[in-house]
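As structure tokens, the structure follows; a few thoughts come after it.
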Amino acid sequence: MIPVTPELMILGAVASLAAAAAVGVVAFNNAVRSALCLVLNFFVLAFVYFTLNAEMLGIMQIIVYTGAIMVLFLFVIMLLNLGAPQLLRDKDDPKVFAGISLGVALFALLGSQLLPSFLKVTTPNAPKDFGAPANLGRALFTNYVIPFEAVSVLLLVGVVGSILLAKRKI
Amino acid sequence: MMAWLEANPVWAAIIRVLLWVLPVLLMVPFMIWYERRLLSWMQDRIGPNRTGNITFSRTSRIIPFFLKGKKFHLQGIAQPIADGIKLFIKEDITPGSVDRFIYLAAPALALFPSFALGATIPWGPFKGLTPVADVNIGVLWILAVSSLGVYGVVLSGYASNNKYSLLGGLRSSAQLISYELGMSMALAAVCMATGSLKPTDIVESQTGPLWGVIPGLANWNLFTPYGFVAGVIFFICMVAETNRAPFDLPEAENELVAGYHTEYSSMRFAVFFMGEYAAMFVYSLIFSTVFLGGYHALPINWQTLGEIAPGVSWVTNALGHVDYWFAPVWLVGKAFFLVTVYVWLRATLPRLRYDQLMALGWKSLLPLATINTIVVALWMVVSRVASPLAGVVSGLLGFGILYLLYRALNGVGIDRTKFLTSREIDMVEVTRSVA
Chain Y
0 MIPVTPELMI LGAVASLAAA AAVGVVAFNN AVRSALCLVL NFFVLAFVYF
50 TLNAEMLGIM QIIVYTGAIM VLFLFVIMLL NLGAPQLLRD KDDPKVFAGI
100 SLGVALFALL GSQLLPSFLK VTTPNAPKDF GAPANLGRAL FTNYVIPFEA
150 VSVLLLVGVV GSILLAKRKI
Chain W
0 MMAWLEANPV WAAIIRVLLW VLPVLLMVPF MIWYERRLLS WMQDRIGPNR
50 TGNITFSRTS RIIPFFLKGK KFHLQGIAQP IADGIKLFIK EDITPGSVDR
100 FIYLAAPALA LFPSFALGAT IPWGPFKGLT PVADVNIGVL WILAVSSLGV
150 YGVVLSGYAS NNKYSLLGGL RSSAQLISYE LGMSMALAAV CMATGSLKPT
200 DIVESQTGPL WGVIPGLANW NLFTPYGFVA GVIFFICMVA ETNRAPFDLP
250 EAENELVAGY HTEYSSMRFA VFFMGEYAAM FVYSLIFSTV FLGGYHALPI
300 NWQTLGEIAP GVSWVTNALG HVDYWFAPVW LVGKAFFLVT VYVWLRATLP
350 RLRYDQLMAL GWKSLLPLAT INTIVVALWM VVSRVASPLA GVVSGLLGFG
400 ILYLLYRALN GVGIDRTKFL TSREIDMVEV TRSVA
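Which chain is which? The protein sequence lines are Y and W, in order. Just so you know, numbering that gives the first Met the number 0 puts 47 at position 48 of the first sequence, and the rest follows in order with no gaps. Just so you know, numbering that gives the first Met the number 0 puts 37 at position 38 of the second sequence, and the rest follows in order with no gaps.
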């Protein structure tokens with residue numbers, strides 16, 4: 000039996016909420032509710048990161064995904080206004096069973112590889128300032144400066160590309 | 000006290016949260032009264048001045064003799080309480096074809112960010128009691144939670160199943176996303192100068208010598224060249240983020256009835272209202288913390304002043320103690336000054352048009368904030384390599400050069416009247432050709 004530590008209890012509460020929200024994303028017929036479940040999932044996932052001493056990662060999760068990307072998702076879904084959810088429901092579709100079985104298989108595969116090493120862990124192993132902004136910044140601008148610059152060039156290409164697509168006449 | 004707080008972290012956390020949430024909650028009715036009275040004074044009317052007046056009976060035996068027939072004129076301070084009771088006991092109407100779950104959840108989602116926003120803001124130099132969480136991502140937390148504020152507005156607009164509400168919600172989401180960028184860039188400049196993302200460190204750094212040069216005067220961020228620019232940008236963005244005039248497009252009465260809360264009545268409307276005012280107050284606290292020296296009363300460092308002039312050190316020590324123990328009073332005083340500016344703006348400026356709003360956010364504030372971060376970087380390098388004074392001078396020079404560059408690129412200095420003259424129509428020419 001795993002000894003129950005406060006960290007484990009908090010992680011369990013937060014992670015189970017995240018998992019429930021993730022199930023909600025695929026279970027709801029209403030697209031707006033699915034999107035809202037995804038918002039909740041992203042938001043709660045940030046708290047999972049907080050419990051693992053990765054504050055910077057967690058707060059970036061909220062700023063980038065919950066605060067920006069999901070707002071645009073909702074925006075698009077609301078403007079499309081998908082209408083009656085009954086029309087979207089397929090009965091006796093073999094794809095559903097195939098999807099569920101493949102999902103369970105993937106879960107089993109990942110779980111068999113990951114769970115044995117996670118079972119013994121009861122407290123976060125990362126040191127206190129592991130995910131602090133100062134450490135992250137130092138790592139980004141020393142050891143990982145070339146990948147960092149490469150990613151920034153990629154983002155620049157994305158920005159230029161979107162302007163090119165949106166504005167035909169420049 | 001401090002030892003007990005450290006021994007019971009759970010109770011300490013609950014006390015910290017209560018010491019944050021309850022004062023903000025209590026401040027909301029007072030702010031509503033303050034705004035109505037101030038606005039009516041600015042518009043040359045009277046405003047709510049009757050509710051809460053007490054007149055004691057002249058004849059009753061229950062009234063003690065010194066109160067008999069006395070009148071107390073309380074300037075209508077009980078008006079928000081009366082309004083609150085009215086909103087509570089009004090009928091709560093839920094329109095028929097709303098998306099019920101989201102419709103009910105939206106006011107709560109609108110209220111949550113305005114309280115959670117200030118969780119990292121210290122209201123005094125009392126470690127252990129404040130802030131709620133002294134984490135090293137404090138400023139990012141403010142940005143993250145303020146970006147969640149859009150959900151309450153967008154979802155209430157969508158769930159109401161009303162065209163005006165939806166338009167209000169969509170306008171609001173565009174507005175909030177646009178102004179968040181300028182806000183984060185403005186805060187980034189201050190964080191670069193401070194070298195920390197902790198609001199407690201930002202307050203601490205503002206007690207240093209002004210511009211790193213003048214000892215005794217405190218280095219409030221608003222009084223530094225880059226901090227002034229960042230402060231102006233941040234203030235404009237915070238007015239936009241709280242949906243207040245002149246940026247109140249999501250609830251523009253003449254276009255959208257009441258915008259995203261058209262379909263809400265009774266207590267649910269009151270929750271939106273409360274969220275807006277709480278957000279105003281909390282943003283004012285954030286501005287005071289980041290730019291106005293936090294919980295210190297004056298931009299004067301009493302301790303260094305005492306060291307410079309040892310003869311009057313007993314005066315500076317006493318004033319330092321006053322500064323220390325009344326810290327929340329100074330912070331709330333600064334916040335109320337900013338709330339006054341909010342009301343002042345509302346009384347003065349007409350509402351922006353939608354394209355003006357977007358142009359201001361994207362074409363003015365964001366480039367200006369980006370320039371500001373470049374200038375801060377310049378200031379940092381020069382003040383470390385050369386001297387602090389050289390840093391300030393280089394910062395001002397950097398602003399000057401970049402402004403000239405902006406003028407050259409955008410043609411600000413071009414005389415626009417000459418374009419007007421080219422459009423003159425010569426009426427005599429036209430008539431002659433007809434004849």
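For every residue, glycine included, the Cβ atom is placed at its ideal position computed from N, Cα and C. Please read these numbers as outputs of a predicted model, since none were measured by experiment.
Handout entry: Residue-level contact to chain W via CB, L73(Y), 9 Å cutoff
Key = Closer than 9 Å to some Cβ of chain W, the Cβ of L73(Y) qualifies, so yes.
Exercise for the section: Name the one or two DSSP bridge partners that I213(W) has. Expected result: The partner list for I213(W) (beta bridge, DSSP) reads L209(W).
Problem - Contacts around F87(W), its chain only, beta-carbon distance under 7 Å, and the 5 residues preceding and following it disregarded - result: Same-chain partners within the cutoff: M266.
Exercise for the section: Only counting runs of 4 or more residues, tell me where the alpha helix (DSSP H) segments fall wholly within the segment 197-267 of chain W, in order along the chain. Expected result: List check, alpha helix (DSSP H) in window: 198-204, 224-240, 252-255.
Exercise for the section: Grab the span of the alpha helix (DSSP H) containing Y64(Y) for me, first residue to last. Expected result: According to the DSSP assignment, Y64(Y) belongs to no alpha helix (DSSP H), since it is labelled neither H nor E.
Problem - Three-way DSSP call (helix, strand, coil) for T372(W) in this model - result: The DSSP-derived three-state label of T372(W) is helix.
Handout entry: Chain-ordered neighbours of V153(W) on chain Y, where CB pairs are closer than 8 Å
Key = The contacting residues are V70, L73, F74, M77.
Problem - Exposure label - N300(W); buried when at least 16 CB within 10 Å - result: Buried, since its Cβ has 16 or more Cβ neighbours within 10 Å.
Handout entry: Interface residues of the segment 140-169 of chain Y facing chain W [CB-CB below 9 Å]
Key = Within the segment 140-169 of chain Y, no residue has its Cβ closer than 9 Å to any Cβ of chain W.
Practice task
Taking only beta carbons into account, state which residues of the segment 48-63 of chain Y come closer than 7 Å to chain W, listed in chain order.
Solution key: Within the segment 48-63 of chain Y, the residues whose Cβ lies closer than 7 Å to some Cβ of chain W are E54, M55, I58, I61, I62, listed in chain order.
Exercise for the section: Report yes if the C-beta distance between L116(W) and L186(W) is below 9 Å; otherwise report no. Expected result: No, they are not a contact pair.
Practice task
Taking all protein chains shown into account, decide if D322(W) is buried (16 or more other Cβ within 10 angstroms of its Cβ) or exposed.
Solution key: D322(W) is buried by the Cβ-count criterion.
Handout entry: Any chain Y beta carbon closer than 9 Å to E203(W)
Key = Residue contact with chain Y for E203(W): absent (no Cβ-Cβ distance below 9 Å to any residue of chain Y).
Exercise for the section: Under 6 Å Cβ to Cβ from V31(Y), same chain only, skipping five residues before and after it: list those, please. Expected result: In the same chain as V31(Y), and ignoring 5 residues on each side of it, the C-beta atoms closer than 6 Å to its own belong to I76, in chain order.
Exercise for the section: Indicate the three-state DSSP secondary structure (helix, strand or coil) for T315(W) in the structure shown. Expected result: The DSSP-derived three-state label of T315(W) is helix.
Practice task
Label L196(W) either buried or exposed according to how many other C-beta atoms from any shown protein chain fall within 10 Å of its C-beta, with 16 as the threshold for buried.
Solution key: It is buried - the Cβ of L196(W) has at least 16 other Cβ atoms within 10 Å.
Exercise for the section: Going by CA-CA distance only, name the one from S171(W), K67(W), N135(W), A296(W) that's closest to N52(Y). Expected result: N52(Y) has its Cα closest to that of N135(W), out of S171(W), K67(W), N135(W), A296(W).
Practice task
Could you work out which residues of chain Y lie near N135(W), taking near to mean beta carbons separated by less than 8 Å?
Solution key: Within chain Y, the residues near N135(W) are E54, D128, A131, P132, A133.
Problem - 9 Å Cβ cutoff met for G394(W) and L377(W) - result: Yes, they are a contact pair.
Practice task
Output the distance between the C-alpha atoms of V231(W) and D200(W), rounded to the nearest integer angstrom.
Solution key: Using only the alpha carbons, I get a separation of about 21 Å.
Practice task
Note the first and the last residue of the continuous alpha helix (DSSP H) segment covering D354(W).
Solution key: Unbroken alpha helix (DSSP H) run through D354(W): 353-358.
Exercise for the section: Less than 8 Å between the CB atoms is what I'm expecting for G75(W) and T50(W), so what's the real figure, rounded? Expected result: 5 Å between Cβ atoms; contact.
Problem - Residue range of the alpha helix (DSSP H) that includes L166(W) - result: That run of the alpha helix (DSSP H) goes 162-193.
Exercise for the section: Please state if the CB of V374(W) and the CB of V228(W) are separated by a distance shorter than 9 Å. Expected result: Yes, these two residues count as a Cβ contact at 9 Å.
Exercise for the section: Under 6 Å Cβ to Cβ from W19(W), same chain only, skipping five residues before and after it: list those, please. Expected result: Cβ-Cβ distances below 6 Å link W19(W) to V131 in the same chain, with the five nearest sequence neighbours on each side left out; the list follows chain order.
Exercise for the section: Give the interface partners of A67(Y) over in chain W, defined as CB-CB distance under 9 Å, in chain order. Expected result: Neighbours of A67(Y) on chain W, chain order: S146, I176, E179.
Practice task
Verify the CB distance criterion: does R32(Y) have a CB-CB separation below 9 Å to chain W?
Solution key: Interface flag for R32(Y) against chain W is set, since a Cβ pair is found closer than 9 Å.
Handout entry: Short CB-CB distance (under 9 Å) between L37(Y) and chain B
Key = Judged by its chain identifiers, the structure shown contains no chain B, and its protein chains are Y and W.
Exercise for the section: Spell out whether any CB of chain W is found under 9 Å from the CB atom of F42(Y). Expected result: Put simply, the CB of F42(Y) is near chain W, with a gap under 9 Å to one of its CB atoms.
Exercise for the section: State the start and end residues of the unbroken alpha helix (DSSP H) segment that holds I14(W). Expected result: 8-41 is the extent of the alpha helix (DSSP H) around I14(W).
Handout entry: Sheet register partners of I299(W) (DSSP bridge)
Key = Per DSSP, L216(W).
Practice task
Run down chain Y in chain order and give the residues with a C-beta less than 8 Å from the C-beta of I101(W).
Solution key: Per Cβ cutoff of 8 Å: V31, R32, L35.
Exercise for the section: For my contact list, L10(Y) and V47(Y) are in at a C-beta cut-off of 8 Å; report their separation, rounded to the angstrom. Expected result: Between L10(Y) and V47(Y) the beta-carbon gap is near 7 Å, inside 8 Å, which marks them as a contact.
Problem - Of the residues Y259(W), R383(W), E252(W), the one placed nearest G167(W), counting alpha carbons only - result: Answer by Cα proximity: Y259(W).
Practice task
Please list the partners that T140(W) has in chain Y, where partner means a Cβ-to-Cβ separation under 8 Å.
Solution key: Checking the sequence shown, residue 140(W) turns out to be Trp, not Thr. What W140(W) touches in chain Y: I58.
Exercise for the section: Determine whether the Cβ of P28(W) lies closer than 9 Å to any Cβ atom of chain Y. Expected result: Not closer than 9 Å to any Cβ of chain Y, the Cβ of P28(W) fails to qualify, so no.
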